[in-house]
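For the sequence shown, our numbering puts the final residue at 576, and the numbers step up evenly by one.
Beta carbons: idealized from backbone N, C-alpha and C, even for Gly.
Input: a single structure, listed below in structure tokens.
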Amino acid sequence: MNKNFRLQLTLIMIAFSIFISLVVALINQEKIRNKLFDEHELKLHMIADNILSSLNSIDKAYMLFDKDMAKAMRANSNELISLYEKNPDFEKWNFNKLKEKYGMDVYVLNDRNVVIHSNVEEDIGLDFRACCVNLSNLLNQRRLEGKFTHDGMDNSMGSGEIKKFSYIPTPDKKYIIELGVSLEEGEIFKHFNFLDVEKELEERFSMIESIEVYSSGGFILGSSKKEEEDLRNSTKKWGAFQKALKSGEVKETVEEIDGKMVTYHYVPYKAEEQRGYSTNRVVEIAYNKDDLNDSLNQSLREFFIQLVVIFLTAILISLIIARQVARPMYLAFHDSLTGLKNRAAFEELVKEYQGKKKGNLALMMIDLDNFKLVNDSLGHTEGDKILKAAAQEILANAGKENHAARLGGDEFVVIYPDIGEEELKNSALKLINRMHHRFRDIREKNHIDVSISVGIAMASDEDNVDSLYDKADRALYESKENGKNQFNIYKMSS
């Protein structure tokens with residue numbers, strides 16, 4: 083019984099230790115997961131901040147230092163207007179010579195904002211209404227205002243070259259003459275080249291698939307027309323781009339590229355000084371989660387290793403503690419000789435069942451007859467053997483649903499939580515017969531008539547531990563008085 087108690091205690095402690103350790107490990111694992119996600123997000127924000135900072139720097143630089151360029155573009159535009167007034171037939175203009183003269187690309191837009199003449203052949207036929215509705219509307223407004231305007235850094239539709247553009251409508255408002263100056267060879271662009279920042283970030287972070295800066299029309303700055311068509315051909319990407327541009331908030335979408343899931347992160351950007359729509363842009367950061375997933379998987383592997391270590395440690399510690407604690411705890415409620423419950427446990431059980439009041443509680447008190455003769459004649463060692471044997475018979479006769487206890491000396495008791503009187507009588511007779519058979523050798527060899535006397539009491543609503551015990555004790559006394567080796571049930575008239 084002591085071994086069973088220790089096993090139960092060990093299992094309880096192991097279960098408790100594992101539960102607590104598992105909860106702590108899970109909380110720690112969740113913290114690690116959150117940290118990994120936070121680090122991933124921090125990297126993404128840092129990458130975006132680097133690009134935005136680079137764009138802001140180059141825009142500020144042009145705002146401060148491109149006045150001379152704007153002045154030259156104004157002067158050239160005025161000359162071209164004078165040329166138009168003298169010769170309004172653009173078919174007779176030599177745009178390549180104009181390019182050589184001014185060092186600037188020259189474009190002519192008709193009243194539908196379509197490029198009809200230019201030295202840049204690939205841009206002829208470009209329809210701003212189709213590619214860039216907002217810019218087309220702005221050009222209509224500028225046409226009506228009749229003033230010279232210049233924008234910031236923008237993208238050439240045909241070549242993808244980064245340029246600065248200016249616009250001036252003809253006096254009759256039929257056309258707009260546009261000039262374009264390449265910025266890529268200028269000192270400002272070289273010093274604040276955001277394309278280099280893109281490349282450096284792509285090489286530095288393995289999570290980055292690509293970084294692109296789009297104009298408000300959806301054209302990649304520094305890339306060809308063919309590349310930008312991929313954005314429009316993807317419903318998800320184009321939708322996320324448009325939402326980011328209109329809302330001014332970061333948007334994301336996910337697409338599968340060559341079997342890999344790639345997230346497209348769109349960050350809107352506006353320069354501090356607005357110049358038409360050229361300074362409204364969207365940064366696209368295409369990234370994968372390979373590093374994050376690898377870190378999460380590694381964390382999960384470490385988590386399972388920790389669990390195994392925790393489980394083994396919990397089992398080992400529980401075994402050690404149970405070994406040290408089980409015996410004292412067991413003895414607190416059990417008899418050290420017989421393994422039966424002791425008086426303290428007996429009293430707690432009676433109180434518990436009386437508090438429930440769910441059945442017919444009964445108490446069977448058992449006393450060994452002539453046990454003193456055994457101790458005197460055969461010694462205490464033999465007496466202890468008889469007590470152990472009696473305890474075994476009492477426990478076996480009581481059954482699993484009832485509780486046997488040793489109150490001290492040769493006095494035992496069985497608690498029946500719910501039993502009828504007839505069943506009690508049968509149990510008492512059966513126990514007397516079992517004892518008679520068990521101690522037959524002592525009677526025959528040592529001529530000591532070891533038997534048992536039994537007193538039974540049925541609990542009433544008014545009974546407590548002491549009164550129930552007293553009733554059973556009186557019934558036991560009557561069994562002794564009537565010749566022993568028998569049972570008696572307490573009656574009020576007893």
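State the Cα-Cα distance for the pair M155 and G268, rounded to the nearest angstrom. 16 angstroms
Might you give, ordered along the chain, the residues of its own chain that have their beta carbon closer than 7 angstroms to the beta carbon of F276, omitting 5 neighbours on each side? I133, S136, L137, I140, V295
For L489, name the three-state secondary structure that DSSP assigns. strand
By alpha-carbon positions, which one of F147, Q436, N508, A472 ends up nearest to D492? A472
Please identify the residue among V188, Y184, K113, Y551 whose C-alpha is closest to the C-alpha of M446. Y551
Contact between the region 147-165 and the region 226-234: three or more CB pairs below 8 angstroms? yes
Any idea what DSSP makes of G465, helix, strand or coil? helix
CA-to-CA distance, T463 to E475, given in whole angstroms: 19 angstroms
For a test of the three-state rule: what should DSSP assign to F287, helix, strand or coil? coil
By how many angstroms is the C-alpha of M235 removed from the C-alpha of I244? 7 angstroms
Note down the Cα distance separating K272 from K142, rounded to an integer number of angstroms. 14 angstroms
Can you grab the Cα-Cα spacing for the pair V364 / L261, in whole Å? 24 angstroms
Less than 9 angstroms between the beta carbons of A353 and M151, yes or no? no
Which value, in whole angstroms, describes the spacing of the CA atoms of I96 and F386? 18 angstroms
Where G207 and V215 are concerned, what is the direct C-alpha to C-alpha distance, given to the nearest angstrom? 16 angstroms
Taking just the CA atoms, how far does E173 sit from S200? 11 angstroms
Please go through the region 191-230 and give each complete alpha helix (DSSP H) segment of 4 or more residues, from N-terminal end onward. 210-213, 215-227
For S561, which residues of its own chain have a beta-carbon under 7 angstroms away from its beta-carbon, when the five flanking residues on both sides are left out? S535, V536, G537, Q568, F569, N570
Inter-residue Cα distance where the pair is I100 and R516: 46 angstroms
Straight-line Cα distance separating L443 from V106: 45 angstroms
Residue range of the beta strand (DSSP E) that D449 falls in? 444-451
Can you tell me whether DSSP reads L108 as helix, strand or coil? helix
Determine, using beta carbons only, whether F210 and V196 come nearer to each other than 9 angstroms. yes
Can the beta-carbon of N452 be found less than 9 angstroms from the beta-carbon of I530? yes
Alpha carbon to alpha carbon, how far is K566 from I392? 60 angstroms
Bridge partners for F385 per DSSP, in chain order? Bridge partners of F385: none, in fact.
Below 8 angstroms on the Cβ atoms is my guess for L126 versus L374; work out the distance and round it to an integer in Å. Not confirmed; about 10 angstroms, so no contact.
Tell whether a beta-carbon distance below 9 angstroms holds between Y189 and I250. no
Do L191 and L226 have their C-beta atoms closer together than 9 angstroms? no
Proximal residues to L489 (C-beta, below 6 angstroms), its chain only, five neighbours per side dropped: R425, V495
Going by C-alpha to C-alpha distance, which of D500, K467, L469, E505 sits closest to E483? D500
By alpha-carbon positions, which one of G321, K371, E204 ends up nearest to F287? K371
Thinking just about the alpha-carbon of each residue, which of Y351, R194, M128 is nearest to the one in I290? M128
If E338 and T345 are in contact, beta carbons under 8 angstroms, what's the gap, nearest whole angstrom? 11 angstroms between Cβ atoms; not a contact.
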